[in-house]
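Here is the structure we will look at.
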Amino acid sequence: MNNRFAALHGEQAVEPHLMAGWQCSRMTPASALFGANGMQFGTDGRLYVAQAMGSQVTAIDTATGELEVIAENGGPITGPDDVAFDSAGNMYSTEVMSAQVSMRTPEGEVSIVSDELPSANGVTVFNERLFIDEHRPKGRLFELYPHDDRPPRLIASDLDSPNALAGGPDGKLYYPLVPKGEIWRADPESGELEQVTTGLFHPTAAKFTPSGELLVPQAGNGEVVKIDIETGEQSVVAKVRPGIDNLAIDAEGKLYLSHFVDGGVAEVAMDGSNAARVLVEAGWVGPWGIACDTASGTCLVVDGLSLAMISAEGERSAVGSPLDTSAPRFVRAVAAGKPGEFLMTTARGDVLRYDFVTQTTDMLVAKQGQLKGLCAADDGGVLVV
2 MNNRFAALHG EQAVEPHLMA GWQCSRMTPA SALFGANGMQ FGTDGRLYVA
52 QAMGSQVTAI DTATGELEVI AENGGPITGP DDVAFDSAGN MYSTEVMSAQ
102 VSMRTPEGEV SIVSDELPSA NGVTVFNERL FIDEHRPKGR LFELYPHDDR
152 PPRLIASDLD SPNALAGGPD GKLYYPLVPK GEIWRADPES GELEQVTTGL
202 FHPTAAKFTP SGELLVPQAG NGEVVKIDIE TGEQSVVAKV RPGIDNLAID
252 AEGKLYLSHF VDGGVAEVAM DGSNAARVLV EAGWVGPWGI ACDTASGTCL
302 VVDGLSLAMI SAEGERSAVG SPLDTSAPRF VRAVAAGKPG EFLMTTARGD
352 VLRYDFVTQT TDMLVAKQGQ LKGLCAADDG GVLVV
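Quick note on my numbering: the sequence shown kicks off at 2 and runs consecutively.
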């Protein structure tokens, strides 16, 4: 079993020691990754997976499923959201939380390419040139020069949250505008921009197959679409659960998908069957909070960008989608309320009451700052810190 904490802590990752009278059993399997974000195949043929929430990069042998931590939690690479490789085997990582792009040599030496790129996210090596974009409102697209002291060269600006990008057979750079549901291309020399297609549900990446076909994953509905770069016509080639972060395509044209909501990684067939060969089982990104409804035995788990329910029988199920309003989002803390309901705080500072039977949410108070924990009061109120 792959266990991210055993990989990180080695022999120090031990089973808990219980006091007399207590029992402990595992409700869900150990998680292998801290979420799964950008992916790319390295020059060694392995699939490298960035994990922004865990400050880690892991290499996967897609033949055996063996995992190896390449850039460990606590190391010099912080919050990697995407990775790319040049022909010499240098790995470039966008560090989304520290405005940096780093380079790791095959020998393991890490240096900073640039530290002035807020929300640096997508990265690609195209014709041995390094390009990145910023996933934020008014984001920018740059060429970087990792082997000399030239400053980043601005190609385009005022982009609405671009994400993982790739070079196309026409010499253009292709990227999604995630909230707009659009794919665009940019001329890396002139900066000229052109819309390719629209109407997508949170497209998170753009990648090309060895034969030059453009594939785009949609985080909102779990579909992967093939897009004709001349006409913009879309056709669905695969469908999985929502929450896709990125994709990678190997030399044989096989498709691999990562999920930011649960850390799953799988090879997925594009023949209409959607058959998946799981390389990393879905797990937890955190988790960061748990509460139990004692009447039903149902537990609610707060896991970063998503929520999950664990039944009294130990079965896990997603609560809503992380990319719509079907359930609370960006939950920070959770506590049991009245039977059948949970109380929550969010990153925005809201206090919510969620009825998991009717799947409805009531806003108790909004935008109260950096709230942490909460609990139900004896008089029916809610105590929040």
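Quick reminder that beta carbons are idealized off the backbone N, C-alpha and C, glycines included.
Out of the options, which one is the CA nearest neighbour of residue i?
i, options, result
"residue 29", "314, 381, 374, 266", "314"
"residue 1", "358, 373, 340", "An answer regarding residue 1 cannot be provided, because it is not within the stretch 2 to 386 covered by the chain."
"residue 42", "88, 193, 115, 119", "88"
"residue 168", "157, 13, 130", "130"
"residue 197", "288, 318, 189, 173", "173"
"residue 151", "115, 244, 139, 241", "115"
"residue 62", "47, 55, 16", "47"
"residue 342", "200, 377, 191", "377"
"residue 285", "307, 276, 175", "307"
"residue 53", "76, 240, 44", "76"
"residue 231", "244, 171, 49", "171"
"residue 117", "145, 109, 261, 128", "145"
"residue 199", "210, 178, 215, 333", "178"
"residue 260", "293, 301, 305, 292", "305"
Quick one: using the 10 Å Cβ neighbour count with 16 as the cut-off for buried, is residue i buried or exposed?
i, result
"residue 329", "buried"
"residue 107", "exposed"
"residue 96", "buried"
"residue 68", "buried"
"residue 190", "exposed"
"residue 10", "exposed"
"residue 6", "exposed"
"residue 39", "buried"
"residue 180", "exposed"
"residue 221", "buried"
"residue 156", "buried"
"residue 20", "exposed"
"residue 246", "buried"
"residue 103", "buried"
"residue 347", "buried"
"residue 384", "exposed"
"residue 18", "exposed"
"residue 90", "exposed"
"residue 44", "exposed"
For residue i, collect the residues of the same chain with a Cβ closer than 7 Å to its Cβ; drop the 5 residues on either side in sequence, then sort them by chain order.
i, result
"residue 278", "267, 268"
"residue 57", "35, 70, 72, 73, 74"
"residue 125", "85, 132, 166, 167, 168"
"residue 99", "79, 80"
"residue 255", "268"
"residue 356", "341, 342"
"residue 324", "203, 220, 221, 243"
To which residues of the same chain is residue i closer than 6 Å at the C-beta, ignoring the five residues directly before and after it?
i, result
"residue 226", "217, 235, 237"
"residue 136", "120, 122, 162, 164"
"residue 201", "182, 219"
"residue 322", "243"
"residue 240", "223, 224, 275"
"residue 139", "159"
"residue 55", "35, 74"
At what residues does the beta strand (DSSP E) containing residue i begin and finish?
i, result
"residue 260", "256 to 260"
"residue 84", "81 to 86"
"residue 112", "111 to 115"
"residue 156", "154 to 160"
"residue 59", "57 to 61"
"residue 19", "It is not in any beta strand (DSSP E) - residue 19 carries neither H nor E in the DSSP assignment."
"residue 177", "174 to 178"
"residue 125", "121 to 127"
"residue 103", "101 to 105"
"residue 281", "277 to 281"
"residue 50", "48 to 52"
"residue 266", "266 to 269"
"residue 285", "Neither: residue 285 is in no beta strand (DSSP E) and is coded neither H nor E."
"residue 385", "383 to 385"
"residue 78", "Per DSSP, residue 78 belongs to no beta strand (DSSP E) and is neither H nor E."
Considering just the uninterrupted stretch of the alpha helix (DSSP H) at residue i, what are its terminal residues?
i, result
"residue 331", "No alpha helix (DSSP H) contains residue 331, which DSSP labels as neither H nor E."
"residue 1", "As shown, the chain starts at 2 and ends at 386. That puts residue 1 outside it, with no answer to give."
Of all the CB atoms in chain C, is at least one closer than 8 Å to the CB of residue i?
i, result
"residue 228", "This model lacks chain C altogether; it includes just one protein chain."
Can you list, in chain order, the residues of its chain with a C-beta nearer than 8 Å to that of residue i? Leave out the 5 residues immediately preceding and following it.
i, result
"residue 31", "2, 3, 4, 5, 6, 7, 284"
"residue 327", "321, 360"
"residue 371", "350"
"residue 299", "293, 310, 311, 312, 313, 357"
In chain order, what are the residue ranges of uninterrupted beta strand (DSSP E) at least 3 long that sit wholly in the region 194 to 243?
194 to 198, 215 to 218, 224 to 228, 235 to 240
Inside the region 295 to 361 only - beta strand (DSSP E) runs reaching at least 3 residues | If we require 3 residues or more, the beta strand (DSSP E) runs fully inside the region 295 to 361 come out as 299 to 304, 307 to 311, 317 to 319, 332 to 337, 342 to 347, 352 to 356.
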